[in-house]
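Numbering (the working numbering), first residue to last: 9 to 707. For glycine and all other residues, C-beta sits at the position ideal for the given N, C-alpha and C.
Written as C-alpha cells, this is what we have:
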C-alpha cells in the first residue's frame with residue numbers, strides 16, 4: 009500500500025532560545041515592561057550591593073573596634089611587666105655581676121619591649137586616632153631614655169630612673185583609659201550608621217516592590233486578552249479535531265501562536281502515521297513532536313512494540329510451519345532408506361532457511377582397527393544435491409571442534425581477505441557458518457553444517473538448535489532399526505544353526521546321562537572304599553598353614569586325643585620334642601612344593617606316650633593347581649616296633665653266647681623281618697589303592 013504523503017505549510021518559527029533579542033522589541037508591550045523591570049532591577053541591585061557592602065564594612069569595623077581595646081590593653085600590660093622585669097635584671101646584674109642577667113636583659117629588650125612598641129604603633133585603631141598614637145610615641149621615647157639612663161651607674165640616676173619608670177606606668181594606664189573611652193564612642197557611631205543604611209535599604213525595596221506589582225498587573229492584562237484567542241483552538245485539538253487557527257497580531261504571543269500551529273501539524277502527522285501503521289507499515293519515521301518528549305517517546309515505543317509483536321508473530325509462524333514441515337519428514341522416515349532420509353532433511357533445511365549450502369554428518373563408532381570418525385551423509389548447495397565423500401576425524405576443522413565441545417559454533421566475523429574456510433562440506437566463501445551438534449539423551453549422533461552469504465538471524469539459529477534434537481532422535485531410531493534388522497537376520501541364521509546343534513546336543517545329553525549314572529555308581533563305590541580306609545587307618549587332614557582340620561576316630565584312639573581337641577591345633581603337636589627338627593621342616597617344605605613323604609614316623613600322644621605309624625603324606629590340589637589340603641594316611645605299627653625292640657634286646661642279651669644261639673637268632677630275625685616286610689607290602693598296596701581312588705575322585 010502506498011504511503012500517503014502530506015504536504016505541510018512551512019512555518020517560520022521565532023524561538024526565544026535562537027532569537028533572544030526579539031524580547032527587547034520596543035514596539036511590544038512585553039518588551040517595554042521587561043525594560044522597566046530590568047531598569048528597576050538594576051537600580052535596586054546597585055543600591056542593594058552598595059548598602060550591603062557598607063553594612064558589611066561597618067560590621068567588620070565594629071568587630072575590630074570591640075577586639076582592639078582588649079588586644080591593646082593586653083599588650084600594654086605585657087609591656088609594663090616586661091619593662092619592670094628588664095629593670096630587675098639590671099639591678100640584679102649590678103649586685104651579682106652575673107652575665108646571664110645581662111644576656112637575658114638584652115633579649116627582653118630586643119624581642120619583647122621594642123617589638124611590642126612597634127606593634128602598638130602599627131595598630132589600625134591607633135593610626136586613625138592621632139592623639140593616642142602620639143601618646144604611644146611619647147611612651148616609647150620615655151622608655152628608650154629610661155633604658156639609656158639605666159646604663160649609668162650613678163645613685164642619682166637610679167633614683168631618677170625609678171621616678172621615670174613610675175611615670176611610664178602611669179602614662180600606660182592613662183592610655184588604656186582613654187582607649188576604652190574612644191572605642192565606646194566609635195562603636196556607638198558605627199551602630200547608628202548601620203541603622204540608617206538598613207532604613208534606606210528597606211525604603212528602596214518597598215518602592216521597587218510597588219513598581220513591580222504595577223507592571224506585572226499590566227503584563228497580565230495584555231497576555232490574558234491575547235491568550236483567550238487560542239483557547240478555543242487548543243480545546244478543539246483536545247476534542248480530537250483539527251481547528252482553524254486565527255492569525256496572530258500580537259508580538260508577545262508569537263511563540264504561543266507558532267507552538268499551537270506546530271501542535272496542529274503534529275496531530276496531522278499523527279493521523280497519517282496511524283493510517284500507515286494500520287496498513288502494516290511499522291518502519292514509518294516519528295516526525296511529530298520531533299520524536300522527543302513523553303508523547304514522542306510513547307509513540308516511538310508504540311511503533312517499536314507493534315513492530316516487535318509483528319516480528320514475533322512472523323517468527324512464531326516460522327517456527328510453527330518449520331516444525332510442522334520437518335515433523336512430517338521425521339514421521340515418514342521409516343518409509344524410506346537412511347540415505348533418502350539424510351537427503352530429504354538437508355535439502356529441506358537449506359531451502360527453508362534460504363542459505364547457500366549445508367551438509368549432515370553421521371558418527372561412525374570406533375572399531376578395533378579404526379578410530380571413530382564423521383562421515384558426510386548428504387550435502388545440498390545452490391538448489392541441487394552435492395555428491396561429496398568426506399570423512400573427518402576428532403581433530404578436523406569446525407566439525408572436529410563441535411565434536412569435541414558438543415556445542416554449536418557460529419562464525420559471522422569472517423574477514424574479507426580470508427579467502428575460504430575449510431569446512432566439512434567443501435570449500436566456500438560464506439558470510440557466516442553455523443555448525444550444530446545432533447545430540448539426544450546426551451549422546452552425539454551427528455552434526456549439521458550450514459553456510460550462508462548472509463548472517464544467520466537469532467531465530468534461525470534457535471530453530472536449527474531446537475530441531476537438531478528431533479533429528480538426532482530420529483537418526484538414533486533409524487540406527488536402532490537398522491541394527492535391529494541386522495540382528496534379526498543374524499538371529500534367523502543363528503536359530504537355524506542352533507536347531508541343528510540342539511539335535512546334536514540332545515544326543516550328547518543322552519550319552520552324558522548314561523555316563524553320569526555310571527559315574528554316580530562308581531562314585532558311591534569309591535566313597536564306600538574311602539570310608540572303609542578312613543575307618544581302618546590313621547587319617548589326618550592339614551591345611552597349607554599346618555593346622556589340623558580333620559582327624560578320624562583311629563587317630564584319636566592311637567593319640568588318646570579327642571577329635572575336637574586335635575581340630576585347630578598344629579600338626580607339630582604330635583611330633584613332641586622333635587617338632588623343630590631340621591628333617592621335620594625339610595619334609596614339610598617338600599609337601600608344600602607338591603611332593604609326597606612316606607615312611608615310619610614316631611608320634612607322641614596326649615600323655616606323652618610314644619607310638620609309631622607307617623604313613624604316606626601327600627598334598628591335594630584344586631582346579632587352579634593350588635594346594636588346598638595335605639592328607640596323612642597310615643597304620644599303627646607300635647606293636648611291631650615294640651616286638652622289634654624286644655628282639656633287638658634279646659639279641660643284645662644273647663650276644664655273649666653267639667656260637668650257641670646263632671641259628672636261633674637268625675631264625676627269629678628272619679621271621680620278624682619277613683613279617684614286617686609283609687605288613688609293609690600290604691600297607692603300600694592299600695595306600696596305592698587309596699591313591700588310585702582319590703585320583704579317580706579328582707578327575
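Counting along the chain, residue 597 sits inside the alpha helix (DSSP H) bounded by residues 590 to 600. Counting along the chain, the unbroken beta strand (DSSP E) around residue 620 starts and ends at 618 to 629. Residue 552 sits exposed, since fewer than 16 C-beta atoms from the chains shown fall within 10 Å of its C-beta.
Within the same chain, 445, 447, 452 come within 7 Å of residue 414 by CB-CB distance, once the 5 residues on both sides are set aside. In this structure, residue 548 lies away from residue 564, with their beta-carbon atoms at least 7 Å apart. In the three-state scheme derived from DSSP, where H, G and I count as helix and E and B as strand, residue 366 is classed as strand.
Residue 607 sits in a strand when the DSSP states are folded into three classes.
Put simply, the segment 337 to 356 does not touch the segment 309 to 323. Fewer than three CB pairs are less than 8 Å apart. Between residue 360 and residue 404, the alpha-carbon positions lie close to 28 Å from each other. Rounded to the nearest whole angstrom, the CA to CA distance from residue 272 to residue 315 is 26 Å. With a cutoff of 7 Å on beta-carbon distance, residue 309 and residue 52 are scored as not near each other. As DSSP reads the structure, residue 457 sits in a beta bridge with 367, 443. With the rule of 3 Cβ pairs closer than 8 Å, the segment 326 to 336 counts as touching the segment 469 to 476.
Straight-line spacing of the CA atoms in residue 221 and residue 207 works out to 22 Å. Spatial neighbours of residue 204 in its own chain (CB-CB distance under 7 Å, excluding positions within 5 residues in sequence) are not present.
Closest option to residue 582, judged by alpha-carbon separation, among 232, 618, 265, 339: 618. Note that the C-beta distance between residue 638 and residue 599 is below 7 Å. Comparing alpha carbon positions, the residue from 626, 584, 269 closest to residue 614 is 584. When secondary structure is reduced to three states using DSSP, residue 103 falls in the helix class.
Beta-bridge partners assigned by DSSP to residue 448: 451. Under the three-state reduction of DSSP, residue 613 is assigned to coil, being neither helix nor strand. Two segments are said to touch when three or more pairs of C-beta atoms, one from each, lie closer than 8 Å; by this definition the segment 650 to 658 does not touch the segment 628 to 638. Under the three-state reduction of DSSP, residue 585 is assigned to helix. For residue 384, the enclosing beta strand (DSSP E) has its first and last residue at 381 to 389. As computed with DSSP, residue 559 is found in a beta bridge with 548. Looking at the backbone, the Cα of residue 591 and that of residue 527 are separated by about 42 Å.
Beta-bridge pairing by DSSP links residue 567 to no other residue.
The three-state secondary structure of residue 418, taken from DSSP, is strand.
Relative to the Cα of residue 202, the nearest Cα in the group 313, 122, 62 belongs to 62.
For the options 524, 107, 180, the alpha carbon positioned closest to that of residue 142 is the one of 180. In the displayed model, residue 644 falls within a strand according to three-state DSSP.
No Cβ-Cβ contact shorter than 7 Å links residue 364 with residue 275. Here the alpha carbon of residue 362 sits roughly 23 Å from the alpha carbon of residue 410.
Restricting attention to alpha helix (DSSP H) runs no shorter than 4 residues, the segment 304 to 356 encloses none.
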